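Participant: Please see the structure below; I have some questions.
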Amino acid sequence: MQARRSCTTDGVMRKQMQKKATQSRVNKPGPVSKPAAKPTKKVPPKPTAKPAAKPAAKPSVKAKASIAPKSNAAKGKSASPAGTYKKAGKGKPFGTVTLVQRDDADHMMKILCKRYPDAECELTHKNDFELLTSVILSAQTTDAQVNKVTPSLFARFSTPKALAEADIEEVKQIVRPTGYYNAKAKSIQDCAIGIVTKFGGKIPKTLEELITLPGVGRKTANVVLGVLHGESAWTVDTHVQRLSHRLGFTTEEDPYKIELALQKLFPNDDWSKFSITLIWHGRRTCFAKNPNCAECPINHLCPSSSV
Ligand code: SF4
């Protein structure tokens, strides 16, 4: 009897254990199988390309365009190719631009060329090294101020090699009157080092090569190409930027886009001469503040004339 009771008890216990084990297996979380992926409809990819930019307003059509202060240029997002133009500044709006017809643009340019027949680069220089260095120094200051310091600078360091090996503190002291002298001294010395190391001490003669030099942007390179090598190149400095808007040549704010717009507006012409002529007019009559419209020879054509 004892043995039968034991068997029965064992059987009951075995059954209970099997039940528990079964329950345990059921409750134990097994590997989660991923739900079968739903068959998805093929959705055509969203077009990522931005819609094509509106074509630039034709200068042949009179149109008013307000220069929005929060343009890409104002946000510091220059459309210039990297390293070719400095980013546009804080984007001071120039006001309303009224685009002029191509004939009027030509007419105004002819009158200005007659007004300034002797217009030329006002930076004193004897060679390409001096001009290149002077243009870098001319940022945020006047040519007259640069001309005051360059005689002593080039008397002390007359070649790219000499400037490349110069004591930077001495260079800083010489260029100090031009402002931002720490950065400018470094820029002209880095440029000189680039000329020595990349081009064997000779100033390159192409835009592509010039803009590889430290401190040399598209504007600086175009000055050198236009003044020294007679190439047709627009120099978009602060005066050309301002006058391009006032005269209704373009609504663009980015210097590189202005350059392209001017190339289209004045095809196959003497862009270097036109650049210098606009710069002279900006310095002598069409001042940033209080332009002298009363004395301006193109006030009858200029859409921004106050007279
Ligand atoms: S009319 Fe006045 S705004 Fe127009 S170009 Fe002459 S000075 Fe400048």
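Under this note's numbering, the residue at position 198 of the sequence shown is numbered 198, and the numbers go up by one with no gaps.
Just so it is clear, CB atoms sit at the ideal spot from N, CA and C, and this is done for glycine as well.
Owing to the predicted nature of the structure, the values given are computational and were not obtained by experimental measurement.
Within the present structure, is the beta-carbon of I298 separated from the nearest heavy atom of the ligand SF4 by less than 7 Å?
Facilitator: In the sequence shown, counting from the first residue as 1, residue 298 sits at position 298. Relative to the ligand SF4, I298 has its C-beta within less than 7 Å of a heavy atom.
Participant: How about A192 and L207: are their beta carbons less than 8 Å apart?
Facilitator: Your numbering for residue 192 matches position 192 in the sequence shown. Your numbering for residue 207 matches position 207 in the sequence shown. Cβ atoms of A192 and L207: not closer than 8 Å.
Participant: Below 8 Å on the Cβ atoms is my guess for G226 versus S272; work out the distance and round it to an integer in Å.
Facilitator: Translated into the one-based positions of the sequence shown, residue 226 becomes position 226. Translated into the one-based positions of the sequence shown, residue 272 becomes position 272. That pair is a contact at about 3 Å.
Participant: Could you tell me if D103 is buried or exposed, where buried requires 16 or more neighbouring beta carbons within 10 angstroms of its beta carbon?
Facilitator: Taking the sequence shown and counting its residues from 1, the one referred to as residue 103 is at position 103. Looking at its Cβ environment, which holds fewer than 16 other Cβ atoms inside 10 Å, D103 is exposed.
Participant: Examine the ligand SF4 and report whether any of its heavy atoms sits within less than 7 Å of the Cβ of C293.
Facilitator: Looking up residue 293 in the sequence shown gives position 293. Between the ligand SF4 and C293, a heavy atom-to-CB distance of less than 7 Å is present.
Participant: Just tell me which of P303, N268, M108, K186 has its CA closest to the CA of L163.
Facilitator: In the sequence shown, residue 163 corresponds to position 163, counting from 1. It is K186 whose Cα lies nearest to the Cα of L163.
Participant: Would you say L345 touches the ligand SF4, meaning its beta carbon is less than 7 Å from a heavy atom?
Facilitator: What the structure shows of the chain is the stretch from 1 to 307, and residue 345 is not part of that stretch, so it cannot be assessed.
Participant: So the candidates are L262, R246, T141, P267; which of them puts its Cα closest to the Cα of T98?
Facilitator: The residue you call residue 98 lines up with position 98 of the sequence shown. For T98, the nearest C-alpha among the options comes from R246.
Participant: Look at the alpha carbon of S71 and the alpha carbon of P255, and state the distance between them as a whole number of angstroms.
Facilitator: What you label residue 71 is simply residue 71 of the sequence shown in a count that begins at 1. What you label residue 255 is simply residue 255 of the sequence shown in a count that begins at 1. Legend: pLDDT at S71 = 38, less than 50; position of this residue unreliable, no value from coordinates given.
Participant: Could you pull out every residue in the same chain whose Cβ sits closer than 7 Å to the Cβ of R283, ignoring the five residues on either side in sequence?
Facilitator: The count along the sequence shown starts at 1 and reaches residue 283 at position 283. Closer than 7 Å at Cβ, skipping near neighbours: H239.
Participant: Which residues mark the beginning and the end of the beta strand (DSSP E) in which V97 is found?
Facilitator: Working through the sequence shown from its first residue, we reach residue 97 at position 97. It spans 96-98 - the beta strand (DSSP E) in which V97 sits, taken as one unbroken run.
Participant: By Cβ distance below 6 Å, which residues in the same chain neighbour E252 in space, the five residues on each side in sequence not counted?
Facilitator: On the sequence shown, residue 252 is found 252 positions in, with the first residue counted as 1. Once the five neighbours on either side are set aside, the close Cβ partners of E252 are I258, A261.
Participant: What is the residue span of the alpha helix (DSSP H) that Y181 lies within?
Facilitator: The count along the sequence shown starts at 1 and reaches residue 181 at position 181. Looking at the DSSP string, the run of the alpha helix (DSSP H) that includes Y181 is 181-199.
Participant: By how many angstroms is the C-alpha of Y180 removed from the C-alpha of Y116?
Facilitator: Here residue 116 refers to the residue found at position 116 when the sequence shown is read from its first residue. Here residue 180 refers to the residue found at position 180 when the sequence shown is read from its first residue. The alpha-carbon atoms of Y116 and Y180 are separated by roughly 31 Å.
Participant: For E295, collect the residues of the same chain with a Cβ closer than 7 Å to its Cβ; drop the 5 residues on either side in sequence, then sort them by chain order.
Facilitator: Your numbering for residue 295 matches position 295 in the sequence shown. Excluding residues within five positions, the ones whose Cβ falls inside 7 Å are T285.
Participant: Alpha helix (DSSP H) containing D106: first to last residue?
Facilitator: The residue labelled residue 106 in the question sits at position 106 within the sequence shown. Note, D106: alpha helix (DSSP H), 102-115.
Participant: Distance, Cα to Cα, P204 vs V307?
Facilitator: Locating residue 204 in the sequence shown gives position 204, counting from the first residue. Locating residue 307 in the sequence shown gives position 307, counting from the first residue. Spanning the two alpha carbons is a distance of roughly 46 Å.
Participant: Helix, strand or coil: how does DSSP classify C302 here?
Facilitator: For the purposes of this step, residue 302 is taken as residue 302 along the sequence shown, with counting starting at 1. Here C302 carries a coil assignment [DSSP, helix/strand/coil].
Participant: Expressed to the nearest angstrom, what Euclidean distance is found between the alpha-carbon atoms of Q189 and Q101?
Facilitator: The count along the sequence shown starts at 1 and reaches residue 189 at position 189. The count along the sequence shown starts at 1 and reaches residue 101 at position 101. Near 45 Å, if we compare the C-alpha coordinates of Q101 and Q189.
Participant: S152 and I136: beta carbons closer than 8 Å?
Facilitator: The residue given as residue 152 occupies position 152 in the sequence shown. The residue given as residue 136 occupies position 136 in the sequence shown. No.
Participant: Taking 7 Å as the cut-off, is the CB of C113 close to at least one heavy atom of the ligand SF4?
Facilitator: As a working mapping, residue 113 is identified with position 113 in the sequence shown. No - the ligand SF4 has no heavy atom lying nearer than 7 Å to the Cβ of C113.
Participant: Rounded C-beta distance between P177 and K148? I'm assuming under 8 Å.
Facilitator: Looking up residue 177 in the sequence shown gives position 177. Looking up residue 148 in the sequence shown gives position 148. With a Cβ gap of about 6 Å, P177 and K148 count as contacting.
Participant: Between the alpha carbons of S138 and P303, how many angstroms are there, rounded?
Facilitator: The residue you call residue 138 lines up with position 138 of the sequence shown. The residue you call residue 303 lines up with position 303 of the sequence shown. One C-alpha to the other measures close to 30 Å.
Participant: Short check: CB of A224 to CB of L123, under 8 Å?
Facilitator: Translated into positions along the sequence shown, residue 224 becomes position 224. Translated into positions along the sequence shown, residue 123 becomes position 123. Per the sequence shown, the amino acid found at residue 224 is Val instead of Ala. At least 8 Å separates the beta-carbon of V224 from that of L123.
Participant: Mapping DSSP to helix, strand and coil, what is S244?
Facilitator: On the sequence shown, residue 244 is found 244 positions in, with the first residue counted as 1. Three-state result, S244: helix.
Participant: Could you tell me whether any non-hydrogen atom of the ligand SF4 is closer than 7 Å to the CB of C191?
Facilitator: Sequence index remark: in the sequence shown, residue 191 carries index 191 (1-based). Checking every heavy atom of the ligand SF4 against the Cβ of C191, none is found closer than 7 Å.
Participant: What did DSSP end up calling A317 once you bin it into helix, strand or coil?
Facilitator: Residue 317 falls outside the range modelled here, since the chain spans only 1 to 307, and no answer is possible.
Participant: Return the chain-ordered list of same chain residues with a C-beta closer than 7 Å to the C-beta of A49, the five sequence neighbours on each side being excluded.
Facilitator: Locating residue 49 in the sequence shown gives position 49, where the first residue counts as 1. Residue placement at A49 cannot be trusted, given a pLDDT of 43 that sits under 50; what the coordinates show is reported in the next sentence. There are no such residues.
Participant: Going by the CB atoms, is the gap between C121 and T277 shorter than 8 Å?
Facilitator: Start at 1 with the first residue of the sequence shown, and residue 277 comes out as number 277. Start at 1 with the first residue of the sequence shown, and residue 121 comes out as number 121. Going by C-beta atoms, T277 is not nearer than 8 Å to C121.
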